[in-house]
Amino acid sequence: MLAHNPDIAQRLDDIADLLELEDANPFRVRAYRNAARVIRGLGAEVAVMLKRGDDLSELPGIGKDLADKIQTIVRTGHLPLLDQLRKATPAIAAELLKLPGLGPKRVKTLYHELDVHTLEQLHRALLDGRIRALPGFGSITEERLRQALETHAAAPSRLKLALAESYVEPLLAWLRDTPHAETVAAAGSYRRCQETVGDIDILVTAPRAAPVVKRFTEYEEVEKIAARGNTRATVVLKSGLQVDLRVVPPRSYGSALHYFTGSKAHNIAIRRLGQRRGLKINEYGVFRKGRRVGGKTEAEVYRAVGLPYIPPELRENRGEIEAAAAGQLPTLVKLADLRGDLHVHTVATDGHNTLTEMARAAHERGFEYLAITEHSKRIAMAHGFDSRHLLKQIEEIDRFNATSPRITILKGIEVDILEDGKLDLPDATLGHLDLVVASVHSHFHFSRDKQTGRILRAMERPHFTVFAHPTGRLIGEREPYDVDMPRIIGAAKDRGCFIELNAHPERLDLIDAHCRMAKEVGVLVSIATDAHRTEELGNLRFGVFQARRGWLEKADVLNTRSLAALRPLLARTMR
DNA sequence: GCCGTTTTCGGCCCGACTGTTTTCAGTCG
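For the first sequence, our numbering assigns the number 347 to the initial residue and increments by one for each residue that follows.
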């Protein structure tokens, strides 16, 4: 069996969990977690790297031992250390570790002192009052555990970035109205533009903290105040979103923003660099022998450790620090680099606006071109097009382009990839178009081989241009179908076609690691909204965020091309 | 387990908070 990067990373994380429970050296535990993160974010498949003879120990945080272990996983699908740890550690222990307030020490106490082997047994121990009698436990811990157990089934929900934005921006505006507040900024995973965020960190600089904390807790959306101190507070909004506020003096702004933006792994790596230079870096500043030497801006923090500024989207310690040190940071793609959108629908199928309305809205956003890509007939619920309808729309677009010089509409289709890998419309019809976007909307349950084979067959069709929302996932709602993305990306390279990064906030389908993979292989990515109404054209920014997390530069993105440069690229696929 | 312009051994980010405890271990971010 061939292990893929996420499988390898999962095994390394499992080892870290189990080692933690064994009271192993915490730095050893961290080494496994680091390695898992590095593998997860890699722009290439480890299996492929090994085949071409790459030395894994050259990767940051991976030495000879871990390189050997990873190789064993790829070769055999197993790792003796993990099997052995699993035998020695009860399954419940890893489960308990995830509960708030429980670390390795308390988990061990529960297991050994109270014989807790299931969550049910934990529950009973809580009811019997046996928990609070344990050394190191008390009535507050007992209550916390009780609550955690109640909500355990309803897994901790993370909020999609777009939804978080709708809660965060009004709150930031509210805080900006605080008298004497200077800078108000969201940090954390929100600033790093992760797909989903667990909670929100807000940083404010002000000469006095108290008025800011007061105004924060008085926000009308606040459901409950979870904590409130002199310079910080935590609230839960009515939406259930937890928000942490920290107020720092202006001279600490850069180091505080850096610290609260994270990621944790990135911060650790940066502080370590500082340490080697005799610096201490914390949220209040950069210090040498107790004397402040920087921290007003983030750039100062990076400069102190000899690095250029690293954009928040890259801060995962997945190679960005090494790239920065080598002067090889990517110049990340920006929203303003995009010249058009290559995947939208209109009212002719399941959209809500007319072709003219979509075109006008696209023009107002500064687009040079817009591809209309309706569903094909297989998607009957969406009134998908057959050949006749498509040819009719082609005429309509020709008429539009002849009379509207301000924006060019490209003739396209979102054609369904059928069960057997055929396309839902005949080649003769597709040949009339400027581009063919193809996607999977059925048979999500196929095995990896079967699903991948189906897509590869579709890709071989003469007019296949862009593979849209490549894994079909809906964040938090539908798992991706099982598909061998490295193979798909490789085939796209051979075939000269493109992969979509669907910018819909619920899809964001290409994940960051696959963006990096596409870049590495040299496959251009189309960042597209899949808009069904004019307002959704604005979702393009979420696609750009995701692309930036995937290290993409302007040149790596298909639709940063001018129309003149785009046409020959599309034409090549329409052979 | 990783790593090296003080090092191939002996370090490993740093601070705050919480709950439980009488001075601090454990947890968290």
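Quick reminder that beta carbons are idealized off the backbone N, C-alpha and C, glycines included. Predicted, not measured: the structure shown is a model, and the values here were computed from it.
Tell me whether residue i sits in a helix, a strand or coil according to DSSP, three-state version.
i, result
"Phe-810", "coil"
"Leu-776", "helix"
"Ala-500", "Residue placement at Ala-500 cannot be trusted, given a pLDDT of 45 that sits under 50; what the coordinates show is reported in the next sentence. It is coil, neither helix nor strand."
"Arg-800", "helix"
"Val-568", "strand"
"Phe-844", "strand"
"Asn-576", "coil"
"Thr-563", "helix"
"Val-384", "helix"
"Glu-466", "helix"
"Ala-437", "helix"
"Asp-858", "helix"
"Ala-508", "helix"
"Ile-740", "helix"
"Thr-817", "coil"
"Pro-352", "helix"
"Arg-926", "Because the chain spans 347 through 921 in this model, residue 926 falls outside it and cannot be assessed."
"Ile-477", "coil"
"Thr-524", "coil"
"Ala-552", "coil"
Rounded to the nearest angstrom, what separates residue i and residue j at their Cα positions?
i, j, result
"Ala-669", "Asn-351", "21 Å"
"Pro-914", "Arg-357", "45 Å"
"Arg-574", "Arg-895", "34 Å"
"Ala-500", "Gln-493", "With a pLDDT of 45 at Ala-500, under the threshold of 50, the modelled position of that residue is not reliable, and no figure is offered here."
"Leu-688", "Ile-763", "18 Å"
"Ala-377", "Ala-717", "47 Å"
"Ile-821", "Gly-636", "46 Å"
"Phe-287", "Ile-755", "Any question about residue 287 goes unanswered here, given that the chain covers just 347 to 921."
"Ala-355", "Ile-419", "10 Å"
"Ala-728", "Leu-802", "25 Å"
"Phe-713", "Phe-790", "34 Å"
"Arg-752", "Ala-532", "38 Å"
"Ser-733", "Phe-792", "28 Å"
"Thr-906", "Asp-683", "5 Å"
"Lys-570", "Val-582", "5 Å"
"Asp-400", "Val-394", "9 Å"
"Glu-567", "Arg-522", "16 Å"
"Pro-481", "Arg-383", "35 Å"
"Gly-641", "Val-594", "12 Å"
"His-463", "Lys-454", "11 Å"
"Ala-439", "Val-871", "43 Å"
"Ser-908", "Arg-841", "22 Å"
"Arg-638", "Val-632", "6 Å"
"Gln-674", "Trp-897", "11 Å"
"Asp-360", "Leu-428", "8 Å"
Between which two residues does the beta strand (DSSP E) carrying residue i extend?
i, result
"Val-869", "Careful: Val-869 lies outside any beta strand (DSSP E) and carries neither H nor E."
"His-789", "Unbroken run through His-789: none, as it is neither H nor E."
"His-924", "A query on residue 924 cannot be resolved here, the shown segment of the chain reaching from 347 to 921 and no further."
"Arg-634", "631-634"
"Lys-410", "Segment 410-422 is the alpha helix (DSSP H) holding Lys-410; no beta strand (DSSP E) there."
"Thr-529", "529-532"
"Arg-638", "637-640"
"Ile-627", "626-628"
Based on DSSP bridge pairs, tell me the residues matched to residue i.
i, result
"Asp-400", "Answer by DSSP bridge pairing: none, since Asp-400 is not bridged."
"Thr-719", "Gly-758"
"Gln-588", "Asp-545, Val-582"
"Val-903", "Val-871"
Write down the C-beta distance between residue i and residue j rounded to the nearest angstrom, noting that I regard them as a contact closer than 8 Å.
i, j, result
"Ile-759", "Leu-776", "7 Å"
"Arg-819", "Glu-825", "6 Å"
"Leu-587", "Ala-510", "7 Å"
"Pro-525", "Pro-557", "6 Å"
For the alpha helix (DSSP H) containing residue i, name the first residue and the last one.
i, result
"Lys-610", "610-622"
"Lys-451", "450-460"
"Arg-706", "701-710"
"Asn-371", "Premise fails: Asn-371 is in no alpha helix (DSSP H) and is neither H nor E."
"Ala-893", "886-895"
"Ile-763", "No alpha helix (DSSP H) holds Ile-763; DSSP gives it neither H nor E."
"Glu-659", "Note, Glu-659: premise wrong, no alpha helix (DSSP H); not H, not E."
"His-604", "599-607"
"Ile-667", "666-671"
"Arg-853", "First-last for Arg-853: undefined, no H or E at that position."
"Pro-446", "Neither: Pro-446 is in no alpha helix (DSSP H) and is coded neither H nor E."
"Thr-919", "909-919"
"Glu-646", "644-650"
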